[in-house]
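Sequential numbering of the sequence shown, starting at 587, is according to the numbering used here.
Everything below concerns the one structure shown next.
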Amino acid sequence: MNDLVIRDALVVDGTGAEPRTADVAVRNGTITEVGRDVGPARRTVDADGAALTPGFVDVHTHYDGQATWDPVLAPSSPHGVTTAVMGNCGVGFAPARTDRHAWLIGLMEGVEDIPGSALAEGIAWEWESFPGFLDALDRRAFTMDLGTQVPHGAVRAYVMGERGARNEPADADDIAAMKAIVKEGLAAGALGFSTSRTLTHKAIDGEYVPGTFAAEDELFGIGEALRELGRGVYELAPAGAAGEDVNAPAQEIAWMLRLAKAIGRPVSFALLQIDAVPDLWRELLELSASDAGAPLFPQVASRPFGMLISLDSLHAFGDHPTYVEMALLPRAERVARMRDPEVKARILAERPDPEDVLAAMVRGFPERLFPLAERNPDYEPHPDTSVAARAAASGRDPMELLYDELLADGGRNVLLMPLLNYSNYNLDAQREMLTHPRAVLGLGDGGAHCGFICDASLPTTMLGHWARDRERGAKLPVEHVVKMMTRDTARLYGLSDRGVIAPGMRADLNLVDLENVALRRPEMRHDLPAGGRRFVQRADGYLATFVRGVQTFADGEHTGELPGRLVRGGRS
């Protein structure tokens, strides 16, 4: 007797093969048969032609703190993610000496925009070593499986103290000690090691992430831990990734290729399109594949990377004196006051002194501000729909139009401000990245950048925009889209038991209405510990999600089930 049978599904199996109609049988959390007449079951689900995919494997998240208090792991879990990898970009919470807890929180807050107050109240510090951190996670249950990596920043500060935190050079003894900690973490089940070298990653005190300026002897010395164990991914945010240095990326590729070949392990790095050199990404893609013996994999996203502009987050008037006086009022009261013609005129006429850097940036680029619809928001907006273009067409001042946009829908309106991956005001470059044989889908940053983005919903963009709705260029086959989110990401991290619908594989599954899968507009909630804020984004069309054959979501709502566990490397 099967535990579960899903009948009459359009199976998109994760291999890249064309979809086919079949039944899928599950027993003891494992797929036992894919075909017809698979036998009876204790529970039968009639898919009625809906698509059945493997559960999505998201390799770039930051749930390192949230996982200690929140079993649901939103905003990723409602978007079909059944396995997530955290500990990216060199930041995390282990190893951790008792007197460094606040410092590690400040590092995460500065780099990943996770409210420090939420982390301070929410994290239950039950560990010092990295294996101790894994053991603490192992005692918890989640909506999805969760794996993690050893973060360079925490390791460097643990070994070198203030010298490490201040990015002073590491000596041979320091490197040996760091390698030993990373090796211990990998042996205990870490899925890899991560570091950051981009100048955009700073702690809350303004210091760069420890390891940002690490020399090659340190980078390669730590990499030896992966080579010796024959296990793990070396993940990084490279220098120049966000456009802060246009000459750095090619130099980074050179040493990453040598590293990947030397340690014989996958090296994965963030790749984004930057406005200053809008075709550099293509050169970097070619360089990354220039040595067949070096397993170097660019991580790419499926839509623009930018900021969400709203009354509940960053906006153009946040530093105007009249607005500052009402900034802490409930949204409804702020909207009521801002609709007063005298208040509006006063705010629009003010010139802040001093200016907030981010608010000034929003004011300076109205051609980069695009309203997001409440359902199926457009992440490939046409230039004609920007605030600047619409203001020019109607003879209005762009800031006045933006002011009214912020007040729309009771102040719940949200605008997208693309900063990366949108140099040409379309996603043609992104499509080329998504079809490159070395590219891996990532950079969703689930659990991070709580007040600025909500890209944990990238899987839904892949299904809705790329496989069905795209109008401004070629689409992608649904089988390619699913393969990128399942088999490809799972195999990168050595998770060979998932990512494909086939007998013997884990029954991590999504039942999706492909005709109606769609995003909702991001919304701000204050549901983190200490009332911390975060953007979340709901989706339509996810009929059911299963982890090990247990249903975790039904029509986008959590069922209360928590079958997810810690994934330890080498044990899949």
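Cβ coordinates follow ideal geometry from the N, Cα and C atoms, glycine included.
Predicted model only: the values in this text are computed from it and were never measured.
Counting only the Cα atoms, residue 912 lies some 19 Å from residue 986. At a cut-off of 4 residues, the continuous stretches assigned as alpha helix (DSSP H) that sit fully inside the region 906-979 are 907-910, 917-924, 927-935, 943-950. The three-state secondary structure of residue 903, taken from DSSP, is coil.
Per DSSP, the beta-bridge partners of residue 820 are 779, 853. Inter-residue distance for residue 609 and residue 1067 is about 22 Å (C-alpha atoms, whole angstroms). Here residue 782 is actually not in contact with residue 1026; their C-beta atoms are around 18 Å apart, not less than 8 Å.
Out of 979, 907, 817, 768, the CA that lies nearest to the CA of residue 941 is found in 907. Contact annotation: residue 988 and residue 894 have beta-carbon atoms that are not nearer than 8 Å. For residue 622, no alpha helix (DSSP H) segment is defined, and its DSSP state is neither H nor E.
Unbroken alpha helix (DSSP H) runs of no fewer than 4 residues, entirely contained in the region 1060-1089, are found at 1064-1071, 1073-1078, following chain order. Under the DSSP definition of a beta bridge, residue 1106 partners with 961.
A Cβ-Cβ separation of about 18 Å leaves residue 864 out of contact with residue 972 under the 8 Å criterion. By the Cβ test, the region 646-658 is in contact with the region 695-714, since at least three Cβ pairs between them sit closer than 8 Å. The beta carbons of residue 852 and residue 1078 sit about 6 Å from each other, so the pair counts as a contact at 8 Å. Between the C-alpha atoms of residue 703 and residue 589 there is a straight-line separation of about 44 Å.
Using a Cβ distance threshold of 8 Å, residue 883 and residue 848 do not count as a contacting pair.
A residue is called buried when at least 16 other Cβ atoms come within 10 angstroms of its Cβ; residue 755 does not meet this threshold and is exposed. Contact between residue 784 and residue 753 does not hold, since the beta-carbon distance rounds to 13 Å and is not under 8 Å.
Between the beta-carbon of residue 617 and that of residue 1091 there is about 5 Å, and that keeps the pair under the 8 Å contact cut. Going by DSSP, residue 761 is part of no beta strand (DSSP E) but of the alpha helix (DSSP H) stretching over 758-774. Taking 8 Å as the cut-off, the Cβ atoms of residue 921 and residue 997 count as close. Sequence-distant Cβ neighbours of residue 1100 in its own chain, meaning closer than 6 Å and more than five residues away, are 637. In this structure residue 1089 is exposed. Its beta-carbon is surrounded by fewer than 16 other beta-carbon atoms within 10 angstroms. By the C-beta criterion, the region 617-633 is judged to be in contact with the region 587-601, since at least 3 inter-stretch pairs fall below 8 Å. It is roughly 33 Å from the alpha-carbon of residue 673 to the alpha-carbon of residue 914. In the three-state scheme derived from DSSP, where H, G and I count as helix and E and B as strand, residue 884 is classed as strand. Cβ neighbours of residue 875 within its own chain (closer than 8 Å, five residues either side excluded): 882, 1022, 1023, 1024.
Across the set 860, 1074, 1016, 1098, the C-alpha of 1016 shows the shortest separation from the C-alpha of residue 1061. Within the same chain, 597 come within 7 Å of residue 606 by CB-CB distance, once the 5 residues on both sides are set aside. With a threshold of 16 other beta carbon atoms within 10 Å, residue 656 meets it and is buried.
Counting the other Cβ atoms within 10 Å of the Cβ of residue 1070 gives 16 or more, which makes it buried. Residue 734 is positioned such that its CB atom lies no closer than 8 Å to that of residue 658. Take residue 1011, set aside five residues on each side of it, and the residues of its chain with a beta-carbon closer than 7 Å to its own are 969, in chain order. In the displayed model, residue 1025 falls within coil according to three-state DSSP, outside both helix and strand. Straight across, the Cα-Cα distance linking residue 1096 with residue 1032 is about 19 Å.
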